[in-house]
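Data block below; observations after.
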Amino acid sequence: MLLPVGGALIAVDTPHEILVNKLCALLGRSELRDLEDVRVLLESGGDLARALADAPLKDGGFSPLTLAWVLKGFQPRALGSASGMGEKSVERLERFKENLIHQLLDISSPG
Numbered sequence: 685m686l687l688p689v690g691g692a693l694i695a696v697d698t699p700h701e702i703l704v705n706k707l708c709a710l711l712g713r714s715e716l717r718d719l720e721d722v723r724v725l726l727e728s729g730g731d732l733a734r735a736l737a738d739a740p741l742k743d744g745g746f747s748p749l750t751l752a753w754v755l756k757g758f759q760p761r762a763l764g765s766a767s768g769m770g771e772k773s774v775e776r777l778e779r780f781k782e783n784l785i786h787q788l789l790d791i792s793s794p795g
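So this is what it looks like as structure tokens:
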């Protein structure tokens, strides 16, 4: 998407493109900010099913099942404690992670 800034057009990713990129990032690295960004993007109206369909176009190794497997080993509580994140924020991310895993498995299951 191009946005006019001053006299120039600046290329900016759409929220959907950012969501797709963040899902792909979660597959390759374990950073709290990526999980938090996915949470905010989905709560702001992002379409998880559409983003999951588009993610393999960015990362050929991406699949919802693989992401669910990676997220199973992701430890928001340990990472949050180590980074000084508040308990409420850590708990919110932990719940979101578990919910996201369930959604990924539901989307991936046949029929």
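Sequential numbering from 685 applies to the sequence shown in the numbering used here. Backbone N, C-alpha and C define an ideal beta-carbon position, used for all residues, glycine too.
Close-in-space but distant-in-sequence residues of the same chain around residue i (CB under 7 Å, 5 per side omitted)
| i | result |
| --- | --- |
| Arg761 | Val774, Glu778 |
| Lys781 | Leu719, Leu755, Phe758, Pro760 |
Through-space distance from residue j to residue i, alpha-carbon basis
| i | j | result |
| --- | --- | --- |
| Arg723 | Ala695 | 24 Å |
| Asp731 | His700 | 8 Å |
| Leu789 | Ser747 | 11 Å |
| Gly721 | Ser728 | It is Asp, not Gly, that sits at residue 721 in the sequence shown. Using only the alpha carbons, I get a separation of about 10 Å. |
| Gly712 | Thr750 | 11 Å |
| Arg776 | Leu703 | 19 Å |
| Leu736 | Met685 | 20 Å |
Own chain, CB closer than 6 Å to residue i, minus 5 neighbours either side, in chain order
| i | result |
| --- | --- |
| Asp743 | Cys708 |
| Leu663 | Given that the chain is displayed from residue 685 to residue 795, the structure contains no residue 663 and the question cannot be resolved. |
Whole-number beta carbon distance between residue j and residue i, since they are thought to touch under 8 Å
| i | j | result |
| --- | --- | --- |
| Leu763 | Leu725 | About 20 Å; that fails the 8 Å criterion. |
| Ala733 | Ile791 | 6 Å |
Enclosing alpha helix (DSSP H) for residue i [first to last residue]
| i | result |
| --- | --- |
| Val774 | 771–792 |
| Thr750 | 748–756 |
| Asp721 | 716–727 |
Terminal residues of the beta strand (DSSP E) in which residue i lies
| i | result |
| --- | --- |
| Val689 | 686–689 |
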